Structures are given as structure tokens and as C-alpha cells.
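Going line by line, the protein sequences match chains A and B. Going from the first sequence to the numbering used here is simple: count from 1 and add 622. Going from the second sequence to the numbering used here is simple: count from 1 and add 622. Even glycine gets a Cβ: it sits at the ideal position worked out from N, Cα and C. Quantities reported herein were computed from a predicted structural model and do not represent experimental measurements. Following: one structure in C-alpha cells, then a few remarks.
Protein chains: 2
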Amino acid sequence: MHKSQLAGFIIDCETDDLESAAEFWSAALGMAVEADPNPEESAYRQLESRPGEVHVEVQQVSHSSRVHLDIETDDIEAEVRRLEKLGARRISHIRRWVVMEAPTGQRFCVVHPQRGNFEPTANSWA
Amino acid sequence: MHKSQLAGFIIDCETDDLESAAEFWSAALGMAVEADPNPEESAYRQLESRPGEVHVEVQQVSHSSRVHLDIETDDIEAEVRRLEKLGARRISHIRRWVVMEAPTGQRFCVVHPQRGNFEPTANSWA
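What follows is the structure, encoded as C-alpha cells:
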């Protein structure tokens with residue numbers, strides 16, 4: 623048995639200026655940019671969400687700008703196989719996560735638990 | 623003064639089969655599809671989220687599949703002007719909402735309040 627749930631949404635920005643991209647989305651959504659311990663090494667800026675809410679992050683990318691979602695799980699391989707049975711395709715394995723493509727065409731990622739409420743609220747799959 | 627906040631995310635699916643698209647995302651995310659009072663007239667299927675969470679909906683579209691976000695507000699024109707000052711562009715006015723494009727390239731919509739917790743949690747803008 624393993625567990626998974628929607629982790630959140632990543633706002634992928636094709637930009638050389640991650641700080642400006644994060645500032646726009648922070649102001650647009652009224653969600654502060656969380657301090658990053660290593661801002662120069664990270665391609666991500668997390669926006670502060672309320673407790674229990676899905677994560678919203680701004681990411682600097684080299685592909686076209688888009689929005690994608692992440693599914694968090696305590697067993698990435700089992701979750702990828704579950705999603706393959708539903709019709710999703712495995713695209714690539716990047717560091718600690720797997721990129722998949724939905725039968726409806728969107729790319730999404732399967733990641734380790736990100737949200738503080740993973741254990742009590744995630745779905746269990748037999 | 624007006625208010626706004628992140629309303630949620632719409633999974634736009636280029637498909638002739640909205641039910642199958644909604645079923646995939648429902649199963650992938652472990653979120654039930656809410657009953658729609660007029661399923662044949664609606665291009666949307668809402669997934670059940672927990673109280674206070676952002677909305678997640680599956681939409682049948684004719685453009686390429688993607689994910690977009692909605693900002694909800696009690697004053698659409700004032701919110702669109704606020705977002706224009708931040709660098710977003712107004713693209714089109716469709717029925718009851720406005721489509722905008724972020725300076726980072728993503729399209730998003732400014733809509734009337736959708737979430738049950740709009741009044742207590744939305745951000746106030748002078």
C-alpha cells in the first residue's frame with residue numbers, strides 16, 4: 623500500500639530573472655515569497671500558502687512558460703505504476719522526481735511529500 | 623477598496639470526451655468528480671477539494687491542453703487594473719470573466735468569487 627495526493631502547482635516561467643517572476647506572481651496572488659536559504663542555487667521560489675493548502679511555487683525554466691501540477695507520494699515507483707495504469711506515460715526521471723504526461727496531454731511530476739499534512743490527508747492505494 | 627485571492631487551477635483538456643478527462647484527473651489526484659446539475663451543458667467538471675482549499679476543475683477546451691489559474695475578486699475591473707499595473711495584459715472578456723496574460727507568459731483568468739471562504743481570507747487592495 624502506498625499513499626499520494628495533489629502536492630501543488632508550479633508556475634514555470636521561461637525567464638532569466640526568477641526574482642521578478644516570483645515578485646509578479648506574489649503580488650498578483652497576494653502570497654508572500656518565502657525566504658530561500660540558498661536563493662542563488664535554487665530555480666524555485668515558494669509562495670506562502672495557508673496551513674493545509676496546496677503549494678504554489680514559481681520555477682525558472684528553459685522551456686516555454688506554463689503551469690504544471692505535482693503529485694506527492696511516499697512511494698514514487700508505485701505511484702508512477704498506478705498512474706501508468708490510468709493512462710499516463712512516464713517521460714523522464716529527473717533527480718528525485720519523475721515527469722509524466724497525462725492522457726489529456728499535460729506534463730506533471732511525481733515527487734516526494736512536500737506538504738506538512740501528507741500523512742493524515744493523502745489517499746491510500748492498495 | 624476591493625479584494626482578491628487565488629481561486630484555483632483549471633486543467634484545460636483538448637478533448638472530445640470531458641467525462642474521460644475528468645475521470646483520469648479524479649483518479650490521478652484522488653479527488654472525486656462533483657455532480658454537475660447540467661452535465662451536458664457544462665464544459666467543466668469540478669473535483670472535490672477539502673474545505674478552504676483552492677478549487678481544481680477539469681475543462682474541455684479547443685486549444686492545446688494546459689493548466690491555468692484563476693484569480694477571484696469582488697470587483698473584476700478594479701482587479702484587472704491592479705494586475706495591469708503589475709505588468710499583466712488584458713487579452714479578452716468572455717462572458718463573466720477576463721482572460722489576462724502574465725509578464726511571464728501564462729494566460730490566467732479573473733473571475734467572480736468561487737471559493738466559500740472568499741470574504742474572510744481574500745487580500746484587500748487599496
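Proximal residues of chain A, C-beta to C-beta of residue i below 7 angstroms
i              : result
Q728 (chain B) : I633, S687, R688, V689
S626 (chain B) : G652
Span separating the alpha-carbon of residue i from that of residue j
i              : j              : result
V734 (chain A) : E663 (chain A) : Strictly speaking, residue 734 (chain A) in this sequence is His, with Val absent from that position. The straight-line gap from Cα to Cα measures roughly 20 angstroms.
D696 (chain A) : P725 (chain B) : 36 angstroms
R718 (chain B) : Q736 (chain B) : 12 angstroms
N739 (chain A) : L651 (chain B) : 15 angstroms
A710 (chain A) : E636 (chain B) : 15 angstroms
A643 (chain A) : R729 (chain A) : 21 angstroms
D638 (chain B) : P661 (chain B) : 14 angstroms
T743 (chain B) : E645 (chain B) : 31 angstroms
D658 (chain B) : M623 (chain A) : 32 angstroms
A700 (chain B) : E723 (chain A) : 37 angstroms
N745 (chain B) : E675 (chain B) : 16 angstroms
K625 (chain A) : K707 (chain B) : 43 angstroms
S714 (chain A) : H685 (chain A) : 15 angstroms
P673 (chain A) : E741 (chain B) : 18 angstroms
V720 (chain B) : A665 (chain B) : 17 angstroms
R712 (chain A) : R712 (chain B) : 36 angstroms
Simplified DSSP assignment, three categories, for residue i
i              : result
T743 (chain B) : helix
E699 (chain A) : helix
A724 (chain A) : coil
L651 (chain B) : helix
R729 (chain A) : strand
A665 (chain A) : coil
R711 (chain A) : strand
R606 (chain A) : Because chain A in this structure spans residues 623 to 748, residue 606 (chain A) falls outside the shown range and cannot be described.
A643 (chain B) : helix
E679 (chain A) : strand
E706 (chain B) : helix
G630 (chain B) : strand
H624 (chain A) : strand
E670 (chain A) : coil
E656 (chain A) : coil
Test item: CB-CB of residue i and residue j under 8 angstroms
i              : j              : result
S648 (chain B) : G727 (chain A) : no
V678 (chain B) : S671 (chain B) : yes
V732 (chain B) : V702 (chain B) : yes
I693 (chain B) : L628 (chain B) : yes
F631 (chain B) : L691 (chain B) : yes
M653 (chain B) : L640 (chain B) : no
Given residue i as reference, the closest of the options once Cα atoms are compared
i              : options                : result
I698 (chain A) : A:H685, A:W747, A:G674 : A:W747
V689 (chain A) : A:K625, A:I633, A:G709 : A:I633
V683 (chain A) : A:A657, A:R667, A:E723 : A:R667
Contacts of residue i in chain A (Cβ-Cβ under 8 angstroms)
i              : result
G709 (chain B) : F646
Where residue i meets chain B, residues with beta-carbon distance less than 8 angstroms
i              : result
V676 (chain A) : E675, V676
I693 (chain A) : A650, L651
Under 7 angstroms by beta carbon: chain B residues contacting residue i
i              : result
P725 (chain A) : F646
Tell me which residues of the region 635 to 659 of chain B have at least one Cβ-Cβ distance to chain C shorter than 9 angstroms, keeping chain order. Included in the structure are the protein chains A and B, with no chain C among them.
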